[in-house]
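End of the sequence shown = 107 in the numbering used here, gap-free, step of one.
Note that the Cβ used here is the ideal one computed from N, Cα and C, for glycine as well.
See structure below.
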Amino acid sequence: MRKNKVKLRGHYQAEIWNMRVLKIFCPECGEKAIIRKSNRKHREISDLYCACSDVECGHTYVLSLTFDHTISPSAKSNKMIGSMIQNLNPEQRQMALDLLKSSPV
Numbered sequence: 003m004r005k006n007k008v009k010l011r012g013h014y015q016a017e018i019w020n021m022r023v024l025k026i027f028c029p030e031c032g033e034k035a036i037i038r039k040s041n042r043k044h045r046e047i048s049d050l051y052c053a054c055s056d057v058e059c060g061h062t063y064v065l066s067l068t069f070d071h072t073i074s075p076s077a078k079s080n081k082m083i084g085s086m087i088q089n090l091n092p093e094q095r096q097m098a099l100d101l102l103k104s105s106p107v
């Protein structure tokens, strides 16, 4: 027997189909769920408002999505440090270099 599912309203474009997406499942029936809305509370915390795709279930709920830890640091962070060092005067640059040389590895 075919299950009744909520149809997605054309939110996907051709180039998005191969994109990796977060898969959400209903905690009540285990069917796929759809993120209807997100509320960003902080840079690292969001509330996801979800709805079960099974029409017979109809469960709606809120998930909390949080950042945990970094596996590989961003390549942009080195650029930020470089731009900060470029804005220092020569004496401050030398002091920063001396501090880096004296710190244990």
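Secondary structure of residue i, DSSP reduced to three states
i: Asp49; result: strand
i: Lys78; result: helix
i: Ile87; result: helix
i: Asp70; result: coil
i: Val57; result: coil
i: Val23; result: coil
Contact check, residue i vs residue j, beta carbons under 8 angstroms
i: Ser48; j: Ile36; result: no
i: Pro92; j: Tyr63; result: no
i: Ala98; j: Leu90; result: yes
Residue i - containing beta strand (DSSP E), residue span
i: Lys103; result: Counting along the chain, Lys103 falls outside any beta strand (DSSP E), though it belongs to the alpha helix (DSSP H) covering Pro92 to Ser104.
i: Lys43; result: Lys34 to His44
Same chain, Cβ closer than 6 angstroms to residue i, neighbours up to 5 away in sequence not counted
i: Lys39; result: Tyr51
i: Gly42; result: For clarity, residue 42 is Arg in the given sequence; the question names Gly instead. Ser48, listed in sequence order.
8 angstroms contact criterion, which residue i and residue j should meet: CB distance rounded
i: Cys87; j: Arg95; result: Going by the sequence as given, residue 87 is Ile instead of Cys. About 6 angstroms separates the two Cβ atoms, so the contact holds.
Close beta carbons around residue i, own chain, < 8 angstroms, minus the five adjacent residues each side
i: Ile26; result: Lys34, Ala35, Ile36, Ile37, Leu50, Cys52 and Leu65
Contacting residues, own chain, Cβ-Cβ under 7 angstroms from residue i (five flanking each side not counted)
i: Thr68; result: Glu46 and Ile47
i: Gly60; result: Cys54
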